[in-house]
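Asker: My questions all concern the structure below.
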Amino acid sequence: MLRIRERRIAARDARAVQLLAEIERSIAALENEDLLDLADIFRGERGGPLHEIAAREMTRRAISL
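Next comes the structure, spelled out in structure tokens:
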């Protein structure tokens, strides 16, 4: 029973990591205007994960709000 639970938890964690990677790829694929819109939407949520991902991508592209 414990092994089944461990496998279920490992599968859940793997799905969460995969989902986060997909979100990051989706944000990286945005055009500059759309990325700026996304960053603007989550600007008030400093420290939130979507703001951090958008800010990191904006830094990589050397663009700002």
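Sequential numbering of the sequence shown, starting at -4, is according to the working numbering. Glycine is no exception: its CB is placed at the ideal position from the N, C-alpha and C atoms. Note that this is a predicted model, so its numbers are computed, not measured.
(1) Could you tell me the boundaries of the alpha helix (DSSP H) in which ILE48 lies?
(2) Please state whether the Cβ-Cβ distance between ILE23 and LEU33 is less than 8 Å.
(3) Per DSSP, what kind of secondary structure is ALA23 in: helix, strand or coil?
(4) Please report how far the alpha carbon of SER59 lies from the alpha carbon of ALA9, in whole angstroms.
(5) From LEU45 to ARG56, what does the alpha carbon distance come to, in whole angstroms?
(6) Within a Cβ cutoff of 6 Å, which residues of the same chain sit near THR54, ignoring the five residues on either side of it in sequence?
(7) Which value, in whole angstroms, describes the spacing of the CA atoms of GLY43 and PHE37?
Answerer: Quick look at the numbers:
(1) Walking along the sequence shown from the start, residue 48 turns up at place 53. First-last of the alpha helix (DSSP H) with ILE48: 44 to 56.
(2) Residue numbering aside, residue 23 sits at position 28 when the sequence shown is read from its first letter. Residue numbering aside, residue 33 sits at position 38 when the sequence shown is read from its first letter. Note that residue 23 corresponds to Ala in the displayed sequence, not to Ile. Against a cut-off of 8 Å, the Cβ pair of LEU33 and ALA23 comes out as no contact.
(3) For the purposes of this step, residue 23 is taken as the residue at position 28 of the sequence shown. Here ALA23 sits in helix by DSSP.
(4) In the sequence shown, residue 59 corresponds to position 64, counting from 1. In the sequence shown, residue 9 corresponds to position 14, counting from 1. So the alpha carbons of these two residues sit roughly 33 Å apart.
(5) Counted from its first residue, the sequence shown places residue 45 at position 50. Counted from its first residue, the sequence shown places residue 56 at position 61. In a straight line, the C-alpha of LEU45 is about 17 Å away from that of ARG56.
(6) Start at 1 with the first residue of the sequence shown, and residue 54 comes out as number 59. Excluding residues within five positions, none has a Cβ falling inside 6 Å.
(7) Residue mapping note: residue 43 aligns to position 48 of the sequence shown, counting from 1. Residue mapping note: residue 37 aligns to position 42 of the sequence shown, counting from 1. Taking the straight line from one Cα to the other gives about 8 Å.
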